[in-house]
Every structure is written in C-alpha cells, then in structure tokens.
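Below is one structure, written out as structure tokens, with a few remarks after it.
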Amino acid sequence: MRTSAALTFCLLSLISAWGVLRAQRRFKEYPAIEYSNFPIPPDFDQKTEWVRARLRYPDIYGYPNNSRLAMRDGRSFPGMWTMDYPRSDRHLLAGVKRLTRIDTRLAEQVVDLDGSDDIFNWPVVYGVEVGHWRLPDEQAKQLRDFLLRGGFFMCDDFHGDAEWATFMDSMRKVFPDRAVEDIPDNDPIFHTLFDLDERFQVPGAQFFESGITYEKGPSGKIPHWRCLRDDKGRIMVAICHNMDLGDAWEVADEARYPEKWSSLAYRIAMNYFVYDLSH
1 MRTSAALTFC LLSLISAWGV LRAQRRFKEY PAIEYSNFPI PPDFDQKTEW VRARLRYPDI
61 YGYPNNSRLA MRDGRSFPGM WTMDYPRSDR HLLAGVKRLT RIDTRLAEQV VDLDGSDDIF
121 NWPVVYGVEV GHWRLPDEQA KQLRDFLLRG GFFMCDDFHG DAEWATFMDS MRKVFPDRAV
181 EDIPDNDPIF HTLFDLDERF QVPGAQFFES GITYEKGPSG KIPHWRCLRD DKGRIMVAIC
241 HNMDLGDAWE VADEARYPEK WSSLAYRIAM NYFVYDLSH
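Going by the working numbering, the sequence shown opens with residue 1, and the numbers climb by one from there.
Here it is in structure tokens:
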C-alpha cells in the first residue's frame, strides 16, 4: 500500500515537473530588421533566476499577418518589435550582469501574448517601438492579466503625439480604467540603485546622421517618464516616451555615441529592474 502511494506520488511529481519545463519555452532567435547574424551568447540555454524578455506583438503594418512592408533585401518584414534586436538586448543583459547581483543569462527571451502561460514565466517584459503596436482584444487581456499578477512592462523608443496616440489605443484596451501619470522625481523607481534626479533625453542612433536629439517634430522634444500603477501604487507599466534607450544600449560600445546618454540608459534600466524585484 505504501509502495503504491509512493509510486503515485513520484509519478505525479514527474508529471508536474514535466509540465513546468514544457510551459517555459526555450530560447529562440527570430528574423530581425537590423541584424541577421549577431553572435548568440554561449549561455543562451542556461537556467538563471531572471531574464528580461522582449515582447513580440502585432503592429500597424500588418505583422505578423498580411504585412504591407517588405525588406530591401527581399525578406519578409519581421515586425517593428524587432527594432535593435538582438544586439540591444544582449548589451543590456551584459550590463545587468556587471552592474547588479541579478543572476541573468546574456541571451534575451522573446515572448508572445498567445494565450499560453509562457509569458508568466518572465517577470519583466520590454516593448520597443510601441508607437506602432496594435494589440487585439485577447492579447490586451492577457497583458492585463500578466501585469495584475505582478508582471512588469517597460516600453521605449516611440516619439511625438501621433505615436503616443497609437500606443494609447492599445494601452486603453489593456487598462481602460487606469490613468497614465508622470513619475515624480521622488518615486522609489528613480532611487533603487542609482539616484536619477538629473534625467535628460536619450536620443537614438538617428543622431549620427541628423545631429538632432529628438524625433517626430516639436512634440518629440521633451522626454517623459510615465507609468501605470496597480491598486497598491506599485508601478507595473513604465513608459519611456520621446527617448530611445534601446539604441543607447545597442550602440553603447561605439565611441561616436556619447557616454552620458548610454550611461543614463543603463542606469534607468537597472533601477527599473531592481524596483520590480523589490516592490
């Protein structure tokens, strides 16, 4: 009798463990707008305590179905979600490893709002170029569930009034009843690891050609650090508008990109990640 019970317990334990492993998807690299052969870190399949994930989302150009855009080299358009990917992600994760005690691998994780439980395995999700996303109702609902269960969403690299409006079209689906607010200077998110009292616009790599630090006309000139909070006041959506932290991580190793911009971009990210882990 005891043997039978023990065997049943072991079998159930094995099934449970198999289910957990099955739910957490393995690393996968996708086609991208800018990079096709960036080196994959050797620790891509290493089990670590934390990894910052990148959100793969549908966009206003029709990705992933019936995209109206095509690449100059004849490839299918890989989606706006791939901007700066994967170079930006891997540079950033190297910074996390160097500047914090967070146990992370150097390879990002791409996640989808596809109705599976996979996104719930990755507590911090990043969205780039969200001035071009278009979330269907079911994806907006899953993002809301993810956030209300304690997830953290950081978005970046969108500029001006028109892209803000597109961003909000989908964000209102996620939280129709919560207002976006500016993050005050004394908020803990600006003081978890570094004191970020002196913040300024972090421009994208377009600065190399234009010499201009902002994008999308006059409405793109002023950087905004904004958020959505949960019922307890914790920031669950951190919105970086009129700045391009992704480019700052991506080209941080290029001498022509000023150190002060990449330094701030890294410090903002470290604060946001430590805030999420401690609040």
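Cβ atoms here follow ideal geometry from the backbone N, Cα and C, with glycine treated the same way.
The model shown is predicted, which means the values in this text are computed figures rather than measured ones.
- DSSP, reduced to helix, strand and coil, places Glu181 within a strand of the structure shown.
- Beyond the five residues adjoining it in sequence on each side, Ala32 comes within less than 6 Å, by CB distance, of Pro78, Thr82, Tyr85 in the same chain, given in chain order.
- Residue state for Thr104 is assigned as strand, using DSSP reduced to three classes.
- Residue pairing of Met171 in beta bridges, as defined by DSSP: absent, with no partner found.
- When secondary structure is reduced to three states using DSSP, Ala53 falls in the strand class.
- Per DSSP, the beta bridge partners of His241 are His224.
- If only complete runs of 3 or more residues are kept, the segment 103 to 135 shows the beta strand (DSSP E) at 109 to 112, 124 to 128, in order along the chain.
- Per DSSP, reduced to three states, the secondary structure at Asp156 is strand.
- Note that the segment 60 to 74 does not touch the segment 224 to 237; fewer than 3 beta-carbon pairs, one per stretch, sit closer than 8 Å.
- Non-local beta-carbon contacts of Trp261 in its own chain, meaning distances under 7 Å to residues more than five positions away in sequence, involve Val202, Pro203, Ala248 in chain order.
- Asp187 is not bridged by DSSP to any residue.
- The Cβ atoms of Gly131 and His91 lie no closer than 8 Å to each other.
- In the pairwise beta carbon analysis, the segment 187 to 194 is classified as not touching the segment 138 to 155: fewer than three pairs are separated by under 8 Å.
- In the DSSP annotation of this structure, Ala32 is not part of any alpha helix (DSSP H), being labelled neither H nor E.
- Residues His159 of the same chain have their beta carbon placed closer than 6 Å to that of Glu215, with the five preceding and five following residues left out of the count.
- Spanning the alpha carbons of Asp73 and Ile239 requires a straight line of approximately 33 Å.
- Separation of His279 and Arg234 (C-alpha to C-alpha, rounded to the nearest whole angstrom) is 7 Å.
- Separation of Phe190 and Glu254 (C-alpha to C-alpha, rounded to the nearest whole angstrom) is 27 Å.
- Ile212 sits in coil when the DSSP states are folded into three classes, being neither helix nor strand.
- Excluding its 5 nearest sequence neighbours in each direction, Arg75 has C-beta neighbours in its own chain below 8 Å: Pro31, listed in chain order.
- Classified as exposed, Glu259 has fewer than 16 neighbouring CB atoms from the shown chains inside 10 Å of its CB.
- Between the alpha carbons of Thr48 and Asp103 lies a distance of about 6 Å.
- Put simply, of Lys28, Lys221, Ile268 the residue whose alpha carbon is nearest the alpha carbon of Cys155 is Ile268.
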